[in-house]
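If you're matching them up, the sequences are chains A, B, C and D in order.
Under my numbering, think of the first position of the first sequence as 1, with each following residue one higher.
Under my numbering, think of the first position of the second sequence as 1, with each following residue one higher.
Under my numbering, think of the first position of the third sequence as 1, with each following residue one higher.
Under my numbering, think of the first position of the fourth sequence as 1, with each following residue one higher.
Beta carbons are placed, not taken as given, at the ideal position from N, Cα and C, and that holds for glycine.
First comes the structure, then the notes that go with it.
4 protein chains.
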Amino acid sequence: MLNIAIIGAGRIGHVHARTVAAHPQARLALVCDPFGDAAESLAAEYGARSCKEAEEVFNDPEIDAVIVGSPTPLHIPHLLAAAKAGKAVLCEKPIALDITDVEAAKDELDAITTPVMFGFNRRFDPSFAAVREAVAAGRIGELEQLTIISRDPAAPPVDYVKVSGGIFRDMTIHDFDTARFFLGDIVEVHAVGQNLDEAIKETGDFDAAVVTLRAASGAVATIVNNRHCASGYDQRLEASGRDGALFAENVRATTVRLSNAEVTDAQEPYLDFFLERYADAYRIELSAFIEAVEKGTPTPTTIADAVAALRIAEAATESARTGTVIRLG
Amino acid sequence: MLNIAIIGAGRIGHVHARTVAAHPQARLALVCDPFGDAAESLAAEYGARSCKEAEEVFNDPEIDAVIVGSPTPLHIPHLLAAAKAGKAVLCEKPIALDITDVEAAKDELDAITTPVMFGFNRRFDPSFAAVREAVAAGRIGELEQLTIISRDPAAPPVDYVKVSGGIFRDMTIHDFDTARFFLGDIVEVHAVGQNLDEAIKETGDFDAAVVTLRAASGAVATIVNNRHCASGYDQRLEASGRDGALFAENVRATTVRLSNAEVTDAQEPYLDFFLERYADAYRIELSAFIEAVEKGTPTPTTIADAVAALRIAEAATESARTGTVIRLG
Amino acid sequence: MLNIAIIGAGRIGHVHARTVAAHPQARLALVCDPFGDAAESLAAEYGARSCKEAEEVFNDPEIDAVIVGSPTPLHIPHLLAAAKAGKAVLCEKPIALDITDVEAAKDELDAITTPVMFGFNRRFDPSFAAVREAVAAGRIGELEQLTIISRDPAAPPVDYVKVSGGIFRDMTIHDFDTARFFLGDIVEVHAVGQNLDEAIKETGDFDAAVVTLRAASGAVATIVNNRHCASGYDQRLEASGRDGALFAENVRATTVRLSNAEVTDAQEPYLDFFLERYADAYRIELSAFIEAVEKGTPTPTTIADAVAALRIAEAATESARTGTVIRLG
Amino acid sequence: MLNIAIIGAGRIGHVHARTVAAHPQARLALVCDPFGDAAESLAAEYGARSCKEAEEVFNDPEIDAVIVGSPTPLHIPHLLAAAKAGKAVLCEKPIALDITDVEAAKDELDAITTPVMFGFNRRFDPSFAAVREAVAAGRIGELEQLTIISRDPAAPPVDYVKVSGGIFRDMTIHDFDTARFFLGDIVEVHAVGQNLDEAIKETGDFDAAVVTLRAASGAVATIVNNRHCASGYDQRLEASGRDGALFAENVRATTVRLSNAEVTDAQEPYLDFFLERYADAYRIELSAFIEAVEKGTPTPTTIADAVAALRIAEAATESARTGTVIRLG
């Protein structure tokens, strides 16, 4: 039984609290948040303790592991302090918006042996993971082309966009990790940014993009992103190989289809957003974290993954702004 | 090159005329219809001759084969006269509404060697035929349960219903033939008739039905019929066997799917009715007829099939009226 | 918070234990099973108490509600004793195999006000329930024909079949309830039994069947059952109405599709069996039970439903054996 | 009735001959091919005349229209000669491999009023055209992102690749036209070429590619190409707009689906190659050509379309070779 503390009682903190509470090998021991009664209120739901200062988490001898769900600028300070205190850490993405900060954190972490894992939840989605396993098992031969469609149901508030680090660091970062999950090292990046939303354009950010990544293997990944999608949270991928192809389709709440004089076999809108769409992924991610902690095996994602994804995001940002192709490594 | 005459210039006559005209080994030579300028007008479209009297067709030495598309009461007289005149015959369904008439015709035909084929078009539908072939090839092991969904887009005029012989002889007859095509001899029939349409109810006929057929093999076929269907012409079947199942789904004009805030992956309505849905089947049926005539091989459907399907229809009619299960020979 | 006891620590008992433990408003307080350490072992997993005598459950003042998952012959004694002790009861299906026993129990229960609910889990399946709601909301107009496909992945052991009460009481009972859920009162039953499995045939039972039910409304339900299905647990239904149709399709663990030189868009086998397929249904069923208990509202299923489904099962058994149509009520 | 001559009796000439012969308003009058008995043999199948010299076609007063299906280097000489002789022309793609030749031809054609149409067959595919019409009708709001997947079943012979002008001029040219069909003017091109096939690599050409096109409207098209695909001829597109999305899926010969212990709802491989996949498109293309000729209306594709597609192909070739983004006009 792992005693877990959560730092940050916001939306993602609630997701983790529920997931931890339902996990047979984990116990939600402590919730920490400096604002109002956020920590107290969330902790009360699950019979956990609460606090306002992160220091209390790091100093609490009962705590085995910390889930860092604080605002992005605090991710590195919190994860380093927790790791130095000997706690296992599961840190939400993006680890930070500046690659130099992340590289510095990586240097510090490389000297620490406690398990530190990063929340690239797509890797734990049952459908994406099943495609990855089937590729690894040789079901479609050598992987040649990966196509990722990733569209959010609706754009976030402009105030969020302004501090988000831009679409590539904030949204595409997941797809960059997925591309690396399937293809390994990326050596070349090209991005086209689109401005379909006037309010986001005014912030200097894009709200849609198409990114092409060439992997060291010669395979190519294509990512199509959009901050809004009328049909719901559009999350698909297809992996095309020498001997076949695998597709992970959108998820709906039910299997119901409707036929009438206008439509036939119509399905319902896709699950609305990441909390619903990736509910299983959060659960499986937590299991993978707990298993690594308890068995002392490597975590399935590491800070090296966070560094690599962020480097691609920086390259994409530059490519989209300058209209050039960026080479990595 | 087979010189073909068509008797009957109605809706089905037009289908056959177009199919014959487009067939590389057939020539539309003559169209016969006693009413107005129906024959002349249809013949003119394809550069064929026309006449008003069926006798002229039977006596025309140029004619190799006759397609009988006259009103149902004339099917037997026309097919017998054509066969006796040495013409090959392709006769539309239903051959007749009274089983004793059909059995008498069968006796006469059994003494004649000219090829006589019956228009059970479902057998020639590419999807149904592919399922049949896959079953025969053992792809799903021993066939155990066959489910046929067959719904028309809209009920025919009440005046047609009155002379149709009833839903089982007029509409389900195709599905009875399909059941025999897959399962062979049928030994037990149960039918439930439904009255969903008040106007049809007044004629004494049903406008929807569910029929259960037990085959000599022990397999069971279920037929779900309805004279109307909001989504179009609903024509599906599934064959379930020991080792798997095969499905023939509805056909649409395109592969287009639509997603928006109300529906996702919605397809367009099914092809409207039999002329569109079974256009390929009519073409392949004609090819099968021509091949049998030219090679002197047996036709893929015979009057024995017409007799067998009609016997099931009579049993279903009785079962639906009396609420009993009917056993066949 | 409802304190719940479970009687019966077998397969279904484990399902309910997990579901209760994960439910935010329920607490697994007590597990009862007379055999070996079954109760103790299951209780230990969830920190509950255990006992061997059902009497202890009924006399325990802490217990608010009892889930009856004991062997079928004990269902009625257990549910009556629990109800008389003032406990709310959720009883597994089938309530009993003999209609007279159930009717007697119904008479007793009619005089007791404590909530007693029956585990017809299909009603709580999200897809079936969504179809039901869409029908009730008029999305497809008046419901005309309901088609239920229900096939188990593999036949149960012959020893189970012998005491199961036969396929209609044991397996089809769920589909009879589904038919009533959609269509209300059933007035006419016809069943064809099939013997595809020699070992089950020797027990005098069928292992496959097609049942046709006519509702008082004039709608007809068709049920296609099979004790085995190569593709997994095949659980579908389609509701066809005047203005459209609704389909609930099979469920898979992921959305993955595979294309290669042999197949395209191939999906994985259906979820294996009822524990996986209806996991959500058991959870929602429990919520519905708890809500009825806590609010004092009627339970969504009652002993009247159990009586009605069992009467249909008896009629189907008789119809399949005699080859006649049975009228109810 | 339009009297049509076909120049070139190769594979595409056979397609057009069959399509012309089956068209109610067209007559195949003449087939021209200089090699062996190719013209004579093809003409004989349809009762047409044949010749070996293209001059005979241009000088034949009976000929109303010419379909140019000769080798690519002869397309411009043949289409110009035919147009100057007053014949309507339908010219196969690619019009030529060198943009300066095509621009010169365009200058000449601009001074001639006879209808000259180019064989961009995707525009006439019923599914692609239906998506285009739905977009134009506003079904998905403003079009934002177009994704085209286009994979051939198998690479052409290396000898063909050597003279093909490269993957972008030979294969992607269709997709460039499709992108223009949906998005209008393209202003920016980025291409990544892949070398998955060693034999093609030795010719200096790519055998797979991902191309990103930015339209003047701000919309972006992504094209994923591959010279081979294990599942057949993979031809899909999705158009994503502000209010929804439309998909054109792959086409199969039947609607059959197979379920067994390994796969469920598996469909058969995609139609093999362009002759089968675009059979309807060739037919509709011919109808559009005939209608334009007979009504004197503009042809749906013009040499301006050929010029525009070829310019994109040249830009893609340069982008893939240099790793830069190319801006157009």
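Hey, residue i and residue j are a contact pair by Cβ (cut 8 Å); roughly how many whole angstroms apart?
i, j, result
"Tyr282(B)", "Thr19(B)", "5 Å"
"Ala209(C)", "Ile167(C)", "6 Å"
"Lys93(B)", "Phe118(B)", "6 Å"
"Arg214(B)", "Val187(B)", "6 Å"
"Gly332(A)", "Thr114(A)", "The structure shown does not extend to residue 332(A), since chain A is modelled only from 1 through 329, so no value can be given for it."
"Ser319(C)", "Thr254(A)", "The Cβ separation is near 33 Å, so there is no contact."
"Ala54(C)", "Ala81(C)", "7 Å"
Let me check understanding here. Comparing Cα to Cα, which of the options lies closest to residue i?
i, options, result
"Ser240(B)", "Arg252(B), Val251(B) and Ala221(B)", "Ala221(B)"
"Ala130(B)", "Gln267(D), Val189(D), Thr178(D) and Gly86(D)", "Gln267(D)"
"Val224(D)", "Ala230(A), Phe58(A), Glu188(A) and Glu238(A)", "Glu238(A)"
"Ala104(D)", "Val293(D), Pro77(D) and Ala48(D)", "Pro77(D)"
"Leu42(C)", "Ala9(C), Asp265(C) and Glu53(C)", "Ala9(C)"
"Asp175(C)", "Ser127(C), Pro126(C), Ile6(C) and Asn121(C)", "Asn121(C)"
"Phe182(C)", "Ala261(C), Arg123(C), Leu74(C) and Cys229(C)", "Arg123(C)"
"Ser150(D)", "Ala17(D), Phe35(D) and Phe273(D)", "Phe273(D)"
"Pro24(B)", "Pro24(D), Phe35(D), Glu45(D) and His16(D)", "Glu45(D)"
"Phe289(B)", "Val116(B), Ala155(B) and Glu108(B)", "Val116(B)"
"Arg139(D)", "Gly329(B), Val256(B) and Ala304(B)", "Val256(B)"
"Ser217(A)", "Asn195(D), Arg236(D), Thr203(D) and Glu202(D)", "Asn195(D)"
"Val307(C)", "Phe35(C), Leu97(C) and Tyr278(C)", "Leu97(C)"
"Ala48(D)", "His14(D), Glu285(D) and Gly36(D)", "His14(D)"
"Asn250(B)", "Ala137(A), Arg252(A) and Val263(A)", "Val263(A)"
"Pro71(D)", "Glu55(D), Glu40(D), Gly244(D) and Pro34(D)", "Pro34(D)"
Do residue i and residue j have their C-beta atoms within less than 8 Å of each other?
i, j, result
"Leu258(A)", "Leu28(C)", "no"
"Val189(A)", "Ile326(A)", "yes"
"Ile363(D)", "Ala26(D)", "Nothing in the structure corresponds to residue 363(D), since chain D is present only between 1 and 329."
"Asp207(A)", "Asp197(A)", "yes"
"Arg242(B)", "Ile200(B)", "no"
"Leu143(C)", "Ala179(C)", "no"
"Thr172(D)", "Ala313(D)", "yes"
"Leu79(D)", "Cys91(D)", "yes"
"Glu291(D)", "Leu2(D)", "no"
"Ala230(C)", "Ala230(D)", "no"
"Leu328(A)", "Ala315(A)", "yes"
"Ala309(C)", "Asp177(C)", "yes"
"Ile7(D)", "Val57(D)", "yes"
"Asp152(D)", "Tyr278(D)", "no"
"Thr331(C)", "Thr324(B)", "Given that chain C is displayed from residue 1 to residue 329, the structure contains no residue 331(C) and the question cannot be resolved."
Would you list the residues sitting across from residue i in a DSSP beta bridge?
i, result
"Arg241(A)", "For clarity, residue 241(A) is Gly in the given sequence; the question names Arg instead. Looking at the DSSP assignment, Gly241(A) forms a beta bridge with Leu143(A) and Gly244(A)."
"Ile186(B)", "Ala215(B)"
"Ile67(D)", "Ile6(D) and Leu90(D)"
"Gln25(C)", "Gln25(C) is not bridged to any residue."
"Thr264(D)", "Gln267(C)"
"Met1(C)", "Per DSSP, none; premise fails for Met1(C)."
"Val161(D)", "Looking at the DSSP assignment, Val161(D) forms no beta bridge with any residue, so it has no partner."
"Asn226(C)", "Arg151(C) and Ala208(C)"
"Phe118(D)", "Cys91(D)"
"Arg49(C)", "Leu30(C)"
Any heavy atom of the ligand FAD closer than 7 Å to the beta-carbon of residue i?
i, result
"Glu285(C)", "The ligand content of the structure shown is nil, which means the ligand FAD is not present either."
* To do: Indicate whether the contact test is met: 3 or more Cβ pairs, each with one atom in the stretch 55–66 of chain A and one in the stretch 29–43 of chain A, closer than 8 Å.
  => Touching, per the Cβ criterion.
* Are at least three pairs of beta-carbons, each pair with one atom in the stretch 287–303 of chain B and one in the stretch 146–161 of chain B, less than 8 Å apart? -> A contact is defined here as three or more CB-CB pairs under 8 Å, and the stretch 287–303 of chain B fails this definition with respect to the stretch 146–161 of chain B.
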